[in-house]
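With full-length UniProt numbering, the residue at position 104 of the sequence shown is 104, and numbering never jumps.
Data block below; observations after.
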Amino acid sequence: MSTPIDLTALKNRQMASWASGDYAVIGTTLQIVGELLAEACDLLCDERVLDVAAGNGNATLAAARRGCKVTSTDYVAKLLERGEDRARAEHLDVTFQVADAEDLPFEDASFDAVLSTFGVMFTPDQPKAAAELARVCRPGGRIGLANWTPEGFIGQLFKTLGRHMPPPMGAQPPSNWGSEAWLHSQFDQRDFQMQVTRRLFNFRYRSAAHFIDTFRSWYGPIHKAFATLPPEGGTALENDLTELLNRLNRAGERSLVVPSEYLEVVITRR
C-alpha cells in the first residue's frame with residue numbers, strides 16, 4: 001500500500017520555494033489578468049473582497065482600484081509586503097494579512113467576492129482549499145479564479161520541471177484547477193453556478209535565454225530547482241526549457257512571445 005502524502009511537509013516545502021527568489025518580479029507582469037478577472041466578476045464599490053494566495057497583489061490592486069474593501073492574504077509574508085508597497089504607492093486602502101488558503105481565518109459568508117490569480121491552485125490540499133473559498137463566499141457572491149491549464153505553456157513548464165525535480169508521490173498537480181471537470185467536481189455539489197472563459201496571457205521576453213535567466217533568478221519553483229540540481233542536472237533542465245520556449249514562441253527570431261492558456265472562472269453562489 002502507498003504511504004499517504006504528508007501535506008504539512010509538502011506545504012512547508014512549497015512555502016520555502018515561493019519565499020525564495022522574488023516572485024513579485026514575475027508577478028507584476030501578470031497584472032492584466034487581475035484586471036480582467038475584476039471585470040469578469042463585475043466588482044462593485046464597497047463590496048468586501050478577499051484575495052487568496054494573493055502573492056504581490058495583482059487581484060488585490062484591481063479590486064481596490066474599483067473601490068472595493070479588500071483583504072489581501074498569502075502564507076508568504078514577504079510577498080504581502082510587496083503588495084503593500086504597491087498599494088501604498090497608489091494610495092489604496094487595503095488590509096494585508098498572513099493566512100493559509102486551506103484554513104482561512106474568516107467567518108462563513110464574510111465576503112461578496114473571493115479572488116485568486118494563479119495562487120490557490122498551488123495549495124497541497126486542493127479540496128480543502130476549494131471548500132474554504134466556498135465557505136467564506138456569501139450567498140449571491142462570486143468566486144473569481146485565474147488558473148493555468150494543463151495543456152498551456154505553464155502547465156507544460158511544470159511537467160518539464162517535474163521530470164527533473166519529481167514532486168512527492170501522491171501530490172496533486174496544480175493544473176487540476178485549470179480543468180473544468182475538476183472545478184465542477186469541487187463546486188457543483190455546493191450549489192454554485194460556474195462560468196468559464198479560456199484566455200491567453202503572453203509571456204514577452206527577448207529570448208528563451210532571457211526568460212530562463214529571469215525565472216531562474218526570481219521565480220521560486222525554478223529558482224529552487226536550479227539551486228538544488230547538480231550542474232549537469234541544471235544544464236539538462238535549461239536545455240529542456242529552451243526547447244519548450246522556442247517551440248511555443250510565436251515571434252520567430254525577433255523576440256520571444258509565448259502564449260499561455262488559463263481559465264478565467266467566475267463561480268456564483270446561489
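Glycine included, C-beta positions come from ideal geometry on N, C-alpha and C.
Remember, it's a predicted structure, so these values are computed and weren't measured experimentally.
query	result
Touch test, the stretch 36 to 55 against the stretch 106 to 122, Cβ-Cβ under 8 Å, three pairs minimum	yes
Straight-line gap, A63 to K69 (C-alpha atoms, nearest Å)	8 Å
Assigned exposure category for N239 - 16 Cβ within 10 Å defines buried	exposed
At least three beta-carbon pairs within less than 8 Å, the stretch 164 to 172 to the stretch 130 to 142	no
Bridge partner(s) assigned by DSSP for K69	R48
Residues of its chain near R270, where Cβ-Cβ distance is below 6 Å and the 5 sequence neighbours each way are ignored	D191
Buried or exposed (CB count within 10 angstroms, at least 16 for buried), R88	exposed
Cα-Cα separation, R65 to L43	10 Å
Classification of V98 by the beta-carbon crowding that lies within 10 angstroms, buried from 16 upward	exposed
Any alpha helix (DSSP H) of 4 or more consecutive residues that is wholly inside the UniProt domain "Methyltransferase type 11" (50 to 143)	58 to 65, 77 to 89, 126 to 136
Reduced DSSP secondary structure (H/G/I, E/B, other) of L43	coil
For Q195, three-class secondary structure by DSSP	strand
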